[in-house]
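Heads up, the thing below is written out as structure tokens.
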Amino acid sequence: MTMDQLPKTLFKQGTETQVEKVNNTCRTSILKKVEKYVEAEYKEVLGDPVFAQVMVIYVHKLKYSGRVIHSFVCKQLLTVKHHELWFHFARRALRFSMQEFHAITGQKYKDDEPDLDIDNWRGDKGFWSKLLRRKGKISLQQIRKVHLKSCNTWSHVNRLRMVYLCVIVGLVMAKDEKVCIPHKYIKLVMDFDKMRKFPWGLHSFDALVTTITEARDKVKTQNSYVIDGF
């Protein structure tokens, strides 16, 4: 297939822009702190098959490359495929879909979302239960700076919930560490069975697709931009 036969591209070949910096909100550094302060719970989550493949990225110290990401963003094919991104390399169209995302992350990617009744959770008078009941706010930054160092008085299950949240918010959904953690995620870790059934792959992939799509305009006019998501 020739370039003329492919869908419209974001840039014509050879006209791609150069940028000074591409920031990414997916931070594995939070796990270094987690491993230091709550090692037992960290190892327990590391052994959970739901997130084990994602955590391997931290274990093996794989690094984020802004240059590679920018190259992919510039080589987008302008399609309207649902749950898919298409790129061109060496005059060939390459697909990045939930199937490829699953191969990398191990996360579930089924379109049908189970009815988990997330708002129906059981309180235990612990830290997370109290935070939900008072509609409190908390961010990864607060966890990193304050709670990791002071959680030794918490129950094991509440420390475990904190580790899961660090993995979910910091890696899987890759939220900015200053942004408040959605209560939906906290409610999910209140019930580990519901948490494991939740289609994290679908939500994580869609968030990544959205931010890459939104970056299309930025790469044409800005010399730096942010990519949210895994």
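Going by the working numbering, the sequence shown runs without a break in its numbering and finishes at 1635. Glycine included, each C-beta is placed from N, C-alpha and C at the ideal position. These numbers come from a predicted model, not from an experiment.
{"Query": "Supposed close pair Lys1592, Leu1536 - CB separation, criterion 8 Å", "Result": "With a Cβ gap of about 11 Å, Lys1592 and Leu1536 do not count as contacting."}
{"Query": "Option nearest Val1594 by Cα separation, candidates Thr1616, Gln1547, Leu1553 and Asp1529", "Result": "Asp1529"}
{"Query": "Of the residues His1493, Val1478 and Lys1437, the one placed nearest Val1461, counting alpha carbons only", "Result": "Lys1437"}
{"Query": "Simplified DSSP state of Leu1537, which is helix, strand or coil", "Result": "helix"}
{"Query": "Continuous alpha helix (DSSP H) assignments of at least 4 residues falling wholly in the stretch 1529-1596", "Result": "1532-1538, 1561-1572 and 1588-1594"}
{"Query": "Start and end residues, alpha helix (DSSP H) containing Phe1506", "Result": "Met1503 to Thr1510"}
{"Query": "Length of the line joining the Cα atoms of His1608 and Asn1557", "Result": "32 Å"}
{"Query": "Where the alpha helix (DSSP H) through Leu1451 begins and ends", "Result": "Glu1444 to Leu1451"}
{"Query": "Which listed residue (Ala1445, Thr1433 and Val1478) has its alpha carbon closest to that of Arg1621", "Result": "Val1478"}
{"Query": "Inter-residue CB distance, Gly1575 and Phe1506 (contact presumed, cutoff 8 Å)", "Result": "Not really, about 18 Å apart at Cβ, beyond 8 Å."}
{"Query": "Classification of Met1406 by the beta-carbon crowding that lies within 10 angstroms, buried from 16 upward", "Result": "In this prediction, Met1406 has a pLDDT of 46, which is less than 50 and means its spatial position is unreliable; what the coordinates show is noted afterwards. Under this definition Met1406 is an exposed residue."}
{"Query": "Val1464 and Val1572 closer than 8 Å at C-beta", "Result": "no"}
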